[in-house]
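Q: Before we start, here is the structure in question, set down as structure tokens.
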Amino acid sequence: MKYLIISSGLRKQGNSWAMASLCCKRFQESGEEAELLALSDHEMPYCDGKTYVDHPTTQLFRDKVGAVQGIILATPVYNFDANSAAKNFIEITGQVWENKVVGFLCAAGGDKSYMSIMALANSLMLDFRCVIIPRFVYASSSAFSNGAVTDATVVDRIYELSDELVRFTTSLNSS
Ligand SMILES: Cc1cc2nc3c(=O)[nH]c(=O)nc-3n(C[C@H](O)[C@H](O)[C@H](O)COP(=O)(O)O)c2cc1C
């Protein structure tokens, strides 16, 4: 199985990236093939319903999603939702999400926005029949220090989510 960890935060090496990075390390240390894709490293076109299709980044992102069975999306929480880069990424990549197994990591400022990923999770289930891991990791700013995840409970939850993604993906793809 192959795994893609998408960090949608556009603040380079922000808290959502720190969660994504730790998660990717967990996959790799467990012997899994995993890649970290930081959207802050790319010029991503807006989904305008037309010209984005021919943009090289669109094809690159579609190839990366299409090549894996399991995906973790790490996003900052903005206005009680995933950030707009995460939504735009899904809009420009589209059908390649079909039947993927997906988990979420959320970096927030406070502790009250923990339901914020539900709209995006619903859209992936309804549009692309993604299987969503029912174990989200939500971390407020107190879980981080010097650009790293320092809260031991959050670290454990990230490991648990990684392990669950492997378990779900392997089970669903076995014949
Ligand atoms: C435009 C904007 C909206 C935000 N909205 C929320 C919010 O609704 N709830 C929350 O807990 N934090 C909110 N925050 C705080 C971010 O979630 C927090 O700073 C997070 O660490 C950002 O992720 P990053 O470090 O990967 O950039 C918001 C921040 C910005 C800039």
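As numbered in UniProt numbering, residues 1 to 175 make up the sequence shown, in order. The beta carbon of each residue, even a glycine, is placed where N, CA and C say it ideally should be.
#1: So what does DSSP say about residue 153, is it helix, strand or coil?
#2: Could you check if residue 77 belongs to the surroundings of ligand 1, using beta carbon to heavy atom distance under 7 Å?
#3: Going along the chain, which unbroken runs of the beta strand (DSSP E) with 3 or more residues stay wholly within the segment 67-134?
#4: Do you know how far the Cα of residue 175 is from the Cα of residue 38?
#5: Does the Cβ of residue 62 lie closer than 7 Å to at least one heavy atom of ligand 1?
#6: For ligand 3, is there any heavy atom lying closer than 7 Å to the beta carbon of residue 141?
#7: Does the segment 29-46 come close enough to the segment 150-168 that 3 or more CB-CB pairs lie under 8 Å?
#8: Can you tell me whether DSSP reads residue 165 as helix, strand or coil?
#9: Which of helix, strand or coil does DSSP assign to residue 36?
A: By the coordinates alone:
#1: As a position in the sequence shown, residue 153 is number 153, starting the count at 1. Looking at residue 153 - three-state DSSP - the assignment turns out to be helix.
#2: The sequence position of residue 77 within the sequence shown is 77, counting from 1. It does: the Cβ of residue 77 is within 7 Å (strictly closer) of some heavy atom of ligand 1.
#3: 70-78, 101-107
#4: Position 38 of the sequence shown, counted from the start, is the residue given in the question as residue 38. Position 175 of the sequence shown, counted from the start, is the residue given in the question as residue 175. Cα to Cα, residue 38 sits roughly 33 Å from residue 175.
#5: Start at 1 with the first residue of the sequence shown, and residue 62 comes out as number 62. No; taking the cut-off as 7 Å, the Cβ of residue 62 has no heavy atom of ligand 1 nearer than that.
#6: Ligands in the displayed structure: ligand 1; ligand 3 is not one of them.
#7: yes
#8: Within the sequence shown, the letter at position 165 stands for residue 165. Residue 165 falls in the helix class under three-state DSSP.
#9: Within the sequence shown, numbered from 1, the residue matching residue 36 stands at position 36. If DSSP states are grouped into helix, strand and coil, residue 36 belongs with the strands.
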